[in-house]
Amino acid sequence: MSGRGTAQWFFVTVAAVAFVGLGMETVLTIVAEESPFDNTGRRLVTMFSYFTILSNLTVAITHAMLARNPDRSAEVFWVFRLTGVVCIAVTGVVYHLALAQLADLRGWDLVANFFVHTLSPTLTVIGWLAFGPRRHIRTSTALWSLLPPIAWLGYTLIRGAIVTDNTGVHWYPYPFLDVNDLGYGRTLLNCLLVTVFYIALAFGARWLDGRLARLTEHATCDST
496 MSGRGTAQWF
506 FVTVAAVAFV
516 GLGMETVLTI
526 VAEESPFDNT
536 GRRLVTMFSY
546 FTILSNLTVA
556 ITHAMLARNP
566 DRSAEVFWVF
576 RLTGVVCIAV
586 TGVVYHLALA
596 QLADLRGWDL
606 VANFFVHTLS
616 PTLTVIGWLA
626 FGPRRHIRTS
636 TALWSLLPPI
646 AWLGYTLIRG
656 AIVTDNTGVH
666 WYPYPFLDVN
676 DLGYGRTLLN
686 CLLVTVFYIA
696 LAFGARWLDG
706 RLARLTEHAT
716 CDST
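Just so we're aligned: the sequence shown equals residues 496 to 719 in the numbering used here.
The structure is reproduced here in structure tokens:
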């Protein structure tokens with residue numbers, strides 16, 4: 496199998512892992528006996544309000560598109576490709592450093608959690624390092640990729656100020672964004688820290704992409 500063929504099969508695998516994780520999370524959300532929201536529709540909207548879920552969705556769609564055609568030219572695609580890679584990396588790092596100890600999961604909840612918080616982030620980063628594709632991350636790509644996570648932060652704060660759960664408490668998806676406990680000052684500081692972390696990863700990916708591209712080109716030249 497050619498290198499291109501191997502890459503495409505890897506992209507298929509990553510897309511499948513992300514879609515399976517999302518599917519399990521969706522089913523578990525629908526049948527959940529304990530939830531901050533009684534209404535199934537509200538539970539599903541809440542599920543898709545999590546950064547983890549949106550990151551996995553972006554990874555699933557962009558990898559499925561890469562598996563079909565790795566030679567895409569549209570800038571908007573490469574913006575979302577970078578967004579998916581960086582967001583899923585943030586998902587994995589933040590979950591395992593700050594949130595994993597807060598979860599007490601069993602059975603299928605534990606399996607679904609492993610898919611969306613560990614397996615999908617790990618395979619996505621490995622796939623990007625191994626297969627790229629390269630030479631598609633420019634400064635403008637990194638800057639535009641900031642918009643989706645910033646929009647998510649804005650949506651989360653606005654929705655949290657409006658939506659209350661079954662107990663009448665304003666709902667936020669993560670403890671470090673919970674205005675109820677932290678207040679707006681600390682929450683906005685946390686938003687800034689997450690944004691800075693994202694920027695560092697996005698521009699780090701831009702730098703590393705160039706380095707990996709040159710190494711690949713040198714290796715190709717040496718082999719010929």
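We put the CB at the ideal spot given by N, CA and C, even for glycine.
Residues near residue i by beta carbon distance below 7 angstroms, same chain, minus five either side
i	result
V526	none
S530	R538
T535	I525
L577	I632, T636, A637, S640, A697 and A700
G516	N551, A607, F610, V611 and S615
D660	P531, F532 and W666
W647	F546 and L549
beta-carbon residue i near the ligand HEM non-hydrogen atom, thresh 8 angstroms
i	result
W702	Only the bare structure without any ligand can be found here, which leaves the ligand HEM out of the picture.
Cβ-Cβ distance between residue i and residue j below 9 angstroms
i	j	result
T619	A584	yes
C582	L549	yes
W666	R681	no
D704	G627	yes
N551	V507	no
Y650	S544	yes
L688	V674	no
Span separating the alpha-carbon of residue i from that of residue j
i	j	result
S640	P565	19 angstroms
L592	P644	19 angstroms
P668	A513	20 angstroms
G498	W504	10 angstroms
G663	G678	17 angstroms
A695	E520	30 angstroms
Spatially closest choice to residue i from the options, by CA coordinates
i	options	result
L561	V509, V589, D673 and V611	V509
A697	G498, G518, G579 and V515	G579
A502	H558, Y590, L523 and V512	H558
R709	R630, F505 and G500	R630
W603	G518, V691 and V571	G518
T634	G500, T553 and E570	E570
Close beta carbons around residue i, own chain, < 6 angstroms, minus the five adjacent residues each side
i	result
F671	N685
Check your understanding: Whole alpha helix (DSSP H) runs in the segment 559 to 595 with 4 or more residues, listed along the chain?
Key -> 570 to 589
Practice item. Note down, one range per segment and in chain order, each beta strand (DSSP E) of at least 3 residues found wholly within the segment 637 to 705. Key: none
**Study point:** Contiguous alpha helix (DSSP H) assignments of at least 4 residues, all confined to the segment 498 to 541
**Key:** 498 to 526
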